[in-house]
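Residue numbers (my numbering): 14 to 371.
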């Protein structure tokens, strides 16, 4: 099925990549994209609908057939002020869906959303890995490069191995397969497609290298994402975890401390560096991060302001059994300083460092 996508990594349209300024573009830009999708006879458009876009009415004139709710965690408090406002913003999407919705009921807010949609007689089905639901993953076995599980559906059961790791990717996989089946694809078709999935740029992206080091780039940039990612790798890495991270300058002090605390709970070595400081300073941000780190017994950290130098330090320290985990930038091609986007590509930085060390 010909498919276009709109989201954090931009627009993908018939093999072309188009840049956007927001996860969900402004209303006029979004309608132009939809027009291109229609004119090029693409049958399906998959998009991320941000809470900002819903609150700012960017998608009011958009028609949605299906909605997927994955999870809700402490984020965007600068805009929404509290989690209740954040939830109510997200909830709007699922009352706009004309055909059905798919909701993760393992998530606290997902369970609440599912119950509210049911109460209001809005079509909805559930997915997850812990609770009884319509689409479920059971007997999950994960390695650093792939995940195997039993996919349970209303239409049958299949064992599947997907070429991606980390538990949140299992949630993403079963939600994608579930909604595809709701659209009419068969169980065999969705399993075959998912087993051949190539992964997304900057989402647990393994960097191949001649030194046989384990280097991964990931977009994790929230406390919840840190928890999921680090909990997984801590159980699957034989050696040390070198965790290279910073926190966006737009994040609250509470979030900075939380992310420092989570990082210290799981990683062996913390390399605290820059990650979109924007209008704040590295010194302020790292101080807040360290307040969270210091609440743990792990005081094995180093402050390296320059991100490339921080990555180089970690790679030089690592051995073949260790993991160098670079988080925060993911697919992004820039670093934010004082409102300006300075070109930055994590992959090229890693390649340059490896080339120098070779």
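Heads up, the beta-carbon is just placed ideally off N, CA and C, and yes, glycines get one too.
Just so you know, these numbers come straight off a predicted model, no measurement behind them.
Query: Buried or exposed (CB count within 10 angstroms, at least 16 for buried), residue 290; Result: buried
Query: Start and end residues, beta strand (DSSP E) containing residue 138; Result: 138–141
Query: Counted within 10 angstroms of its Cβ, other Cβ atoms place residue 355 as buried (16 or more) or exposed; Result: exposed
Query: Pairwise C-alpha distance: residue 59 and residue 276; Result: 32 Å
Query: 3-residue-minimum beta strand (DSSP E) runs that sit fully inside the region 246–276, ordered along the chain; Result: 254–258
Query: Residue closest to residue 214, alpha-carbon to alpha-carbon, out of 224, 222 and 232; Result: 232
Query: Which residues DSSP lists as bridging residue 203, in chain order; Result: Partner(s): none; residue 203 has no beta bridge.
Query: Pair within 7 Å by beta-carbon distance, residue 182 and residue 367; Result: no
Query: Inter-residue CB distance, residue 115 and residue 153 (contact presumed, cutoff 8 Å); Result: That belief does not hold up - the Cβ atoms of residue 115 and residue 153 are roughly 19 Å apart, past 8 Å.
Query: Opposing strand residues paired with residue 20 [DSSP bridges]; Result: 23
Query: With 16 other Cβ atoms within 10 Å as the buried cut-off, status of residue 347; Result: exposed
Query: Contact between the region 171–189 and the region 308–323 (3+ Cβ pairs under 8 Å); Result: no
Query: Beta-carbon proximity check, residue 217 vs residue 179, cutoff 7 Å; Result: yes
Query: Same chain, Cβ closer than 8 Å to residue 344, five either side skipped, listed in chain order; Result: 21, 22, 213, 214, 215, 216 and 232
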